[in-house]
Amino acid sequence: MSEILFYLGAIMIIIGGICDLFGALGLLRFPNFYIRLHAATVGTIGGAAVPLFGVGFLALGSDFLPHKHAIAGASFITGIIVLLAAPAGAHALAYAAHKAKLVKWQPKVDHLAEVKNDD
């Protein structure tokens, strides 16, 4: 069982590195703020939360760590906090940029138009 946890953790850390790479490429290549914000969120969740869960599994699967349960618990709790905070932060950034009209954006449908009228 510890071997399975060890390999699962290593695979999750590699997946996190790939998500970080794709998020960085998206920040460089995507055309506007909103799509770049999506790439940043993918990089944050995939590149931070997934490897944190991987570190937790890696710690649980190793036999030589003296405090492996503390390391795994801290990794899992930090990963859950990242999973909760990253989408909320991205949403707040997108909403603020939309309200302040900082980004030139020509949508076909604007679902926030009714919110603009409530000001």
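Residue numbers (this note's numbering): 578 to 696.
Where is the CB? At the ideal position from N, CA and C, for every residue including glycine.
DSSP three-state assignment for residue i, whether helix, strand or coil
| i | result |
| --- | --- |
| histidine 615 | helix |
| valine 659 | helix |
| valine 627 | helix |
| leucine 699 | Given a span of 578 to 696 for the chain in the structure shown, any question on residue 699 remains unanswerable. |
Member of the options whose CA lies at the smallest distance from the CA of residue i
| i | options | result |
| --- | --- | --- |
| tyrosine 584 | Phe599, Gly631, Ala625, Ala649 | Gly631 |
| alanine 649 | Leu642, Val659, Gly633 | Gly633 |
| leucine 533 | Val627, Gly638, Leu642, Leu605 | No answer is possible for residue 533: the residues shown for the chain start at 578 and end at 696. |
Residues near residue i in its chain [Cβ-Cβ closer than 8 Å; skip 5 each side]
| i | result |
| --- | --- |
| proline 664 | Thr618, Ile622 |
| valine 680 | Asn609, Phe610, Tyr611, Ala674 |
Q) Do the segment 593 to 600 and the segment 613 to 626 meet, that is, are 3 or more Cβ pairs less than 8 Å apart? A) yes
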